[in-house]
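Chains as they are written, first to last, in the working numbering: chain A, 796 to 906; chain B, 796 to 906. Where a beta carbon is used, it is the ideal one built from N, C-alpha and C, also for glycine. Here the structure is a predicted model, which means the values were calculated and not measured. Below: the structure, in C-alpha cells.
Written as C-alpha cells, this is what we have:
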C-alpha cells in the first residue's frame, strides 16, 4: 500500500505542444507499483487549455473543482465538479478552462 | 466519449459481507466501454466501514470529502481530502469513516 498527499507531489507543466497554463501531478504511477493504470491531477489554470489530441490510451476523468469544457473536433460539453468523462482509445479530445478559478480534474490513464 | 453527473448515477449499497453504511456508484464501467479499469464513487457514511478484505484487483483512490482511515491487518493511516492511496493486488485492506460527515472516495479498479 502506498498513500500520499496531493500538495506534496511535484507539479510539472503538462508536456504537450500547444498546451496553455496547465499543470500535471502524477499521484500514482509505475514508480508506486501501478502497472495497469495511473492517476494524475491535471490543473488547467484560468485562460488555460489542452489542444485537441489523441492517443491509444483511454482516460477516465472526474472533475474536482472549477468550470471548463471537454471538446472533440465538432462538439463540446460543459463540465463542473462531480462530472465524469470516459475518453476512448484514439478519440480526439481537448479541454479548456472557462471559469475564473483553477479547473482541476482527476485523470486516470492506462499504462 | 461518455460524460455524466455523479448525482444522476444509481446509488447501491456496497455488496460485501460485514460492510456498514456504505454506498457505491459505478461512474464509468464496462457498460460505458471501459474495458481496462472502472471508476466508482464510494461513500462511507457516519459510523460506516468496509471490513478487511482482499482481491486480485488493484485500487487507486482519491479522497474527495470527509475524514477516515484505511487499514491493513496491523496498521492504519488517516485520510483527508486530497490524499490518494494505491492498494496492490491481494493486499488486505479496509476503510472506516472517523468523522461526522460522509467520507467520499474516488476508487478505481482494474477489470
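Residue 845 of chain B sits close to residue 890 of chain B, with the two beta carbons spaced by under 8 Å.
Here residue 827 of chain B is buried: its Cβ has 16 or more other Cβ atoms, across all protein chains shown, within 10 Å.
For residue 892 of chain B against residue 863 of chain B, the beta-carbon gap comes to about 5 Å, under 8 Å, which counts as contact. If you check the CB distance, residue 858 of chain A and residue 883 of chain A do not come in under 8 Å. Proximity of residue 801 of chain A to chain B, defined by a Cβ-Cβ separation below 8 Å, is satisfied. Note on geometry: alpha-carbon atoms of residue 873 of chain B and residue 856 of chain B lie some 14 Å from one another. Sequence-distant Cβ neighbours of residue 896 of chain B in its own chain, meaning closer than 6 Å and more than five residues away, are 861. When secondary structure is reduced to three states using DSSP, residue 871 of chain B falls in the strand class.
Using beta-carbon distances, residue 829 of chain A counts as an interface residue toward chain B, with a partner under 8 Å.
Residues of chain A whose Cβ lies closer than 9 Å to the Cβ of residue 847 of chain B do not exist; the shortest such Cβ separation is about 12 Å.
Counting only runs that start and end inside the region 817-886 of chain B, the beta strand (DSSP E) elements of at least 3 residues fall at 832-848, 854-860, 863-866, 871-874, 878-882. Counted as a single uninterrupted DSSP element, the beta strand (DSSP E) harbouring residue 799 of chain A occupies residues 797-800.
Judged by DSSP secondary structure, residue 899 of chain B falls within the beta strand (DSSP E) whose first and last residues are 898-905. Residue 869 of chain A does not reach chain B, its nearest Cβ partner there being about 12 Å away, counting only Cβ pairs nearer than 8 Å. Taking a beta-carbon distance threshold of 8 Å, residue 890 of chain A does not count as an interface residue toward chain B. Excluding five sequence positions before and after residue 837 of chain B, the CB atoms of its chain that fall closer than 6 Å to its own CB belong to 819, 900, 902, given in chain order.
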